[in-house]
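As structure tokens, the structure follows; a few thoughts come after it.
This is the structure we're talking about:
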């Protein structure tokens, strides 16, 4: 067998094996999710090591920290827009509570972009989709406190 045929045979075999690989797990289609798209106005690509994180939070208790009831992370996003889904336990959602989605982008533990506006969902609002605009942190790149 010539070198070209050997190369072609190897490429076909690799493609076949790749097609047989197990598909990534799919979320339960019946499980509730908040969908959204996040973006920022700066025209730049994010560096390697960037992390996008969106959280679904119960902000009903005045003067108390919010309770995170759902979270999603995207490792090494490149450039906006960033579509996302946040799964959550419907048993933790109460009709008379207020819920918001917040998002951040960090690089090496330093905050680069964050939402500065409340994006209400669920509860009395009933929305399950949000479009987030993240704002730059002004260049401070301060570390994000751990929860």
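In our numbering, the protein residues as written are 683 to 829.
Where a beta carbon is used, it is the ideal one built from N, C-alpha and C, also for glycine.
These figures come from a predicted structure and were not determined experimentally.
Rounded to the nearest angstrom, what separates residue i and residue j at their Cα positions?
i, j, result
"residue 721", "residue 799", "13 Å"
"residue 831", "residue 751", "Only positions 683 to 829 of the chain appear in the structure, and residue 831 is not among them; the question remains open."
"residue 755", "residue 773", "22 Å"
"residue 724", "residue 809", "27 Å"
"residue 747", "residue 727", "33 Å"
"residue 733", "residue 717", "18 Å"
"residue 760", "residue 786", "14 Å"
Going by other Cβ atoms of all chains shown within 10 Å of its Cβ, with 16 needed for buried, is residue i buried or exposed?
i, result
"residue 739", "buried"
"residue 758", "exposed"
"residue 806", "exposed"
"residue 762", "buried"
"residue 719", "exposed"
"residue 744", "exposed"
"residue 713", "exposed"
On the DSSP bridge list, what partners appear for residue i?
i, result
"residue 752", "738"
"residue 720", "764, 814"
"residue 733", "757, 788"
"residue 744", "Looking at the DSSP assignment, residue 744 forms no beta bridge with any residue, so it has no partner."
Taking DSSP as the reference, what is the three-state secondary structure of residue i?
i, result
"residue 802", "strand"
"residue 773", "helix"
"residue 689", "With a pLDDT of 40 at residue 689, under the threshold of 50, the modelled position of this residue cannot be trusted; read the value that follows with caution. Three-state result, residue 689: helix."
"residue 793", "strand"
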